[in-house]
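Undergrad:
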Amino acid sequence: MRAMTPTVVRIDAHSPQGRLLDASQPIIDVEDEGYTRGDGVFETMLCVDGAVRKLPRHLARLDHSAQLLQVWNPGEDSWRAALDLALQSAAEGTTTSLGREHTVKLLVSRGVPSEQPYGLVIVSPVPASTITQRTDGVTALLLPRGHDPAEDTSLPWLLSGAKTLSYAINMAVLRYVRTLGAQEAVFIGTDRRILEGATSSVIVAHRTESGVRISTPEPNHGILPGTTQGAIFAGARDEGWEVGFGPLYPADLMEADAVWLASSVRLLAPVTQLNGQALATDDQLTLTLTEFLRTR
Ligand code: PLP
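If you want the numbering used here, it's the 1-based position in the sequence shown plus 33.
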């Protein structure tokens, strides 16, 4: 029995506004292709005090992912109605310095072969280990992706840039680095270009004479365009900071003033060590970038 049962709302042709399910009862059919083949798409979002952060960015990326998989996607009105229902019914959540936090997943599965696809909204507390990363940071290792994902971008069946339910590789690399005593993995390409974390975008900062320059690898080069990275860069532009889009190499991370792994629920995890080498961190910049996320 798990500590806290998530709240689950299902959207389908019978319930376009969403229907609350009893999550202690079976929900997934054993022939569901989201489950048996990872054939579906998802988003993971942060909700603070009842407000989902960056919802338009997540809905836009979910729509893009669904188009790449040619799978049905409930419209924005359906998602919003189902989200309201799920959040009203959700348990307490996790209390942090930001407020009352929940993790909110949107998921579309192709479903059972003879039936229709469906959507789920799943609301659960944020794990304490995720919150801890925001302050304690993470140690990371650079690992090759195996082939250059930029090569996939013209081959639509390779689903480059889609956030699909097939996350076994992303989970496997995390298990691998943990056997080596690190917490996170950063993928690099065959030319040693920095790509992305297992479940995060890489952001690098340099303090310059005129302010701050932040950079990230080219978002459309076979990696997932991060909504957190996008919102932070919008904030940086508003501040008049310089922003750059790769290419970044390991040496750029080693000599940066700060490096973070950024994703929607963890927000920003400062990378304190890369391949065993200590990296510079900057608490003030972490706070400023976190603040950019409050409203974007
Ligand atoms: N890259 C990958 C592979 C991810 O899985 C994620 C998030 O899960 C991200 C980047 C960061 O995306 P976002 O900031 O939208 O959460």
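The beta carbon of each residue, even a glycine, is placed where N, CA and C say it ideally should be.
Near Tyr68, what residues of its chain come up, given a Cβ to Cβ distance below 6 Å and the 5 sequence neighbours on each side ignored?
TA: The residue given as residue 68 occupies position 35 in the sequence shown. Within the same chain, Ile61 come within 6 Å of Tyr68 by CB-CB distance, once the 5 residues on both sides are set aside.
Undergrad: Identify whether Ala56 lies in helix, strand or coil by the three-state DSSP scheme.
TA: Walking along the sequence shown from the start, residue 56 turns up at place 23. If DSSP states are grouped into helix, strand and coil, Ala56 belongs with coil.
Undergrad: Within the same chain, show all residues whose beta-carbon is closer than 6 Å to that of Gln50, passing over the 5 residues directly before and after it, in chain order.
TA: Here residue 50 refers to the residue found at position 17 when the sequence shown is read from its first residue. If we look at Gln50 and ignore the five residues flanking it on each side, its Cβ neighbours are Ala114.
Undergrad: Between which residues of its own chain and Pro258 is the CB-CB distance below 6 Å, once the five residues before and five after are set aside?
TA: Within the sequence shown, numbered from 1, the residue matching residue 258 stands at position 225. The residues are Pro252.
Undergrad: Note down the Cα distance separating Ser199 from Pro150, rounded to an integer number of angstroms.
TA: What you label residue 199 is simply residue 166 of the sequence shown in a count that begins at 1. What you label residue 150 is simply residue 117 of the sequence shown in a count that begins at 1. Approximately 17 Å, taken between the alpha carbons.
Undergrad: Tell me which same chain residues have a C-beta within less than 7 Å of the C-beta of Arg225, skipping the five on either side of it?
TA: As a working note, residue 225 is residue 192 in the sequence shown. Hits under 7 Å: Tyr282, Pro283.
Undergrad: Under the DSSP definition of a beta bridge, which residues are partnered with Glu275?
TA: In the sequence shown, counting from the first residue as 1, residue 275 sits at position 242. DSSP output for Glu275 lists Arg246 as bridge partner(s).
Undergrad: So the beta strand (DSSP E) Ser12 belongs to, where does it begin and stop?
TA: The structure shown does not extend to residue 12, since the chain spans only 34 to 329, so no value can be given for it.
Undergrad: From Ala183 to Ala93, what distance separates their C-alpha atoms?
TA: The residue labelled residue 183 in the question sits at position 150 within the sequence shown. The residue labelled residue 93 in the question sits at position 60 within the sequence shown. Distance between the alpha carbons of Ala183 and Ala93: 22 Å.
Undergrad: Please identify the residue among Ser142, Gly71, Gly194, Ala123 whose C-alpha is closest to the C-alpha of Glu134.
TA: Residue mapping note: residue 134 aligns to position 101 of the sequence shown, counting from 1. Out of Ser142, Gly71, Gly194, Ala123, Ala123 has the C-alpha closest to the C-alpha of Glu134.
Undergrad: Given a cut-off of 7 Å on the beta-carbon distance, is the pair Thr165 and Val298 in contact?
TA: As a first step, residue 165 must be located in the sequence shown, where it is residue number 132. As a first step, residue 298 must be located in the sequence shown, where it is residue number 265. No, these two residues do not count as a Cβ contact at 7 Å.
Undergrad: Going by Cα to Cα distance, which pick from Ala295, Gln317, Thr186 is closest to Ala264?
TA: Counting from one through the sequence shown, the residue named residue 264 turns up at place 231. The candidate whose alpha carbon is nearest that of Ala264 is Ala295.
Undergrad: Decide if Gln103 is buried, meaning its Cβ has at least 16 other Cβ atoms within 10 Å, or exposed.
TA: Indexing the sequence shown from 1 puts residue 103 at position 70. Exposed is the call here.
Undergrad: Exposed or buried, what is Gln317 when buried is set at 16 or more other beta-carbons lying within 10 Å of its beta-carbon?
TA: The count along the sequence shown starts at 1 and reaches residue 317 at position 284. Per the 10 Å Cβ criterion, exposed.
Undergrad: What is the DSSP secondary structure of Trp105, counted as helix, strand or coil?
TA: Translated into the one-based positions of the sequence shown, residue 105 becomes position 72. Coil, per DSSP.
Undergrad: Out of His254, Ala205, Asp290, point me to the one whose CA is closest to Val245's CA.
TA: As a first step, residue 245 is located in the sequence shown; it is residue number 212 there, counting from the start. If we check each option's Cα against that of Val245, Asp290 comes out closest.
Undergrad: Name, in chain order, the residues that DSSP records as bridge partners for Gly230.
TA: Here residue 230 is taken as the residue at index 197 of the sequence shown, counted from 1. Bridge partners of Gly230: Val219.
Undergrad: Looking at Ser233 and ligand 1, is the gap between the Cβ and the nearest heavy atom below 6 Å?
TA: One-based indexing of the sequence shown puts residue 233 at position 200. For ligand 1, at least one heavy atom lies less than 6 Å from the Cβ of Ser233.
Undergrad: Cβ of Leu120 within 7 Å of Cβ of Gly83?
TA: To locate residue 120, count along the sequence shown from 1; it is residue 87. To locate residue 83, count along the sequence shown from 1; it is residue 50. Yes, they are a contact pair.
Undergrad: Please determine, among Gly277, Gln262, Ala269, the residue with the shortest C-alpha to C-alpha distance to Ala302.
TA: Within the sequence shown, residue 302 is the residue found at index 269, counting from 1. Ranking the options by Cα distance to Ala302, first place goes to Gln262.
Undergrad: Got a sec? Which residues, its chain only, sit under 7 Å from Asp45 by beta carbon, not counting five neighbours each side?
TA: In the sequence shown, counting from the first residue as 1, residue 45 sits at position 12. For Asp45, where only same-chain residues beyond five positions count, the Cβ hits under 7 Å are Gln149, Tyr151.
Undergrad: If distances are taken between C-alpha atoms only, which option among Arg70, Arg43, Arg90 comes closest to Arg52?
TA: As a position in the sequence shown, residue 52 is number 19, starting the count at 1. Nearest option by C-alpha distance: Arg43.
Undergrad: Run through DSSP, which three-state label would Ile44 get?
TA: The residue given as residue 44 occupies position 11 in the sequence shown. It is a strand residue.
Undergrad: Rounding to the nearest angstrom, what Cα-Cα distance links Gln58 and Thr38 in this structure?
TA: As a position in the sequence shown, residue 58 is number 25, starting the count at 1. As a position in the sequence shown, residue 38 is number 5, starting the count at 1. One C-alpha to the other measures close to 11 Å.
Undergrad: Is the stretch 204-222 close to the stretch 96-111, with three or more CB pairs under 8 Å?
TA: no
Undergrad: Ile221 and Ile227: beta carbons closer than 7 Å?
TA: As a working note, residue 221 is residue 188 in the sequence shown. As a working note, residue 227 is residue 194 in the sequence shown. Contact flag set, yes.
Undergrad: Considering just the uninterrupted stretch of the alpha helix (DSSP H) at Thr328, what are its terminal residues?
TA: By 1-based counting over the sequence shown, the position of residue 328 is 295. Per DSSP, Thr328 belongs to the alpha helix (DSSP H) from 316-328.
Undergrad: On the CB-based measure, 16 or more other CB atoms within 10 Å of its CB, does Arg211 come out buried or exposed?
TA: Position 178 of the sequence shown, counted from the start, is the residue given in the question as residue 211. Exposed is the call here.
Undergrad: Using 10 angstroms around the beta-carbon of Asp72, count the other beta-carbons present and answer buried if the total reaches 16, otherwise exposed.
TA: For the purposes of this step, residue 72 is taken as the residue at position 39 of the sequence shown. Asp72 sits buried, since 16 or more C-beta atoms from the chains shown fall within 10 Å of its C-beta.
Undergrad: I'd like the ranges of any beta strand (DSSP E) spanning at least 3 consecutive residues and lying wholly in the stretch 57-137.
TA: 73-81
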